[in-house]
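Visitor:
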Amino acid sequence: MNLGFLASGRGSNLQAVIDACRRGELAATPRVVISNNSASGALERARQAGIPAYHLSSHTHGEGLDEAILEALRRHEAQLVVLAGYMKKLGPRTLAAYRNRIVNIHPALLPKFGGQGMYGMNVHQAVITAGERETGVTIHLVDEEYDHGATLAQARVPVLPGDTPETLARRVLEREHTFLVETLGKIVRGEIPLD
Ligand code: GRF
174 MNLGFLASGR GSNLQAVIDA CRRGELAATP RVVISNNSAS GALERARQAG
224 IPAYHLSSHT HGEGLDEAIL EALRRHEAQL VVLAGYMKKL GPRTLAAYRN
274 RIVNIHPALL PKFGGQGMYG MNVHQAVITA GERETGVTIH LVDEEYDHGA
324 TLAQARVPVL PGDTPETLAR RVLEREHTFL VETLGKIVRG EIPLD
């Protein structure tokens, strides 16, 4: 299965998928990486791996951004789109063209700790402040709202006494890497239906 990625930052989840595909653990091919951030680790990792990488943002493309993203995904024949730390909403054309073919990874157990403002350390801080004993990872279909589409899979991660947002983030991120690969594998094999 051909994968397209959108990512805004570090790109460690992208890297986990690239590595799994290379090792033959995931029957998929990363075909294109798109970022709104020209300095993102994700674009750098893509270039290192020889994957076509594009900086497409509202600054570079203005009103035409949605169309430019869709065009890049189509040109590289992406069949499934993975949002791996993408901090922007997708436009209506891309959402319509790839309906039920776009997944997002979120570092908490949605529907808790999701939505506007719930990203990065904010999520883990909120989990600790709420006194949760457990957090985790959610992989879900993407729709018009942040962190909102149908949940496809969740993994649980314990919150330990004395956790700081940083220690918790590290534990969750480690699980994200394995869980994203596992879940994409299930999607590719048809074990998790998207429709
Ligand atoms: C991850 O925690 C992911 O769940 C969230 O953004 C972060 C991206 O990290 N959506 P990375 O760029 O993959 O390292």
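The sequence shown begins at 174 in our numbering and counts up one residue at a time.
Note that beta-carbon positions come from the ideal geometry of N, C-alpha and C, so glycine has one too.
1) Tell me whether the region 305 to 313 and the region 327 to 337 touch, counting them as touching only if at least three CB pairs, one residue from each stretch, are closer than 8 Å.
2) Given a cut-off of 8 Å, decide if Glu250 and Asn175 are closer than it, judged by their beta-carbon atoms.
3) Say the cut is 7 Å; is the CB of Arg183 nearer than that to a heavy atom of the ligand GRF?
4) Starting from the Cα of Leu367, find the closest Cα among Pro338, Thr324, Val354, Leu353 and give me that residue.
5) I need the straight-line Cα distance from Ala342 to Tyr271, nearest angstrom please.
6) For Pro338, which residues in the same chain have their Cβ closer than 8 Å to its Cβ, ignoring the five residues on either side in sequence?
7) Spell out the partners DSSP gives Ile275 in its beta bridges.
8) Ala342 lies in the beta strand (DSSP E); which residues open and close that run?
9) Can you look up Gln298 in the DSSP assignment and give me helix, strand or coil?
10) How many angstroms separate the CA atom of Phe213 from the CA atom of Thr267?
11) Rounded to whole angstroms, how far is the Cβ of Glu184 from the Cβ of Ala215, which I believe are closer than 8 Å?
12) Within this structure, are the beta carbons of Val345 and Val310 separated by less than 8 Å?
13) From Ala200 to Lys261, what does the alpha carbon distance come to, in whole angstroms?
14) Can you tell which of His232, Leu238, Arg204 has its C-alpha closest to the C-alpha of Ile224?
Guide: Taking the structure as given:
1) yes
2) yes
3) yes
4) Thr324
5) 30 Å
6) Met294, His297, Gln298, Ile301
7) Val254
8) Run containing Ala342: none in the beta strand (DSSP E); it sits in the alpha helix (DSSP H), 338 to 361.
9) helix
10) According to the sequence provided, residue 213 is Ser. The question's Phe does not apply to it. Straight-line Cα distance between these residues: approximately 22 Å.
11) Note on residue identity: the sequence assigns Gly, not Glu, to residue 184. With 8 Å as the limit, Gly184 and Ala215 qualify as a contact, their Cβ atoms being about 3 Å apart.
12) yes
13) 28 Å
14) Arg204
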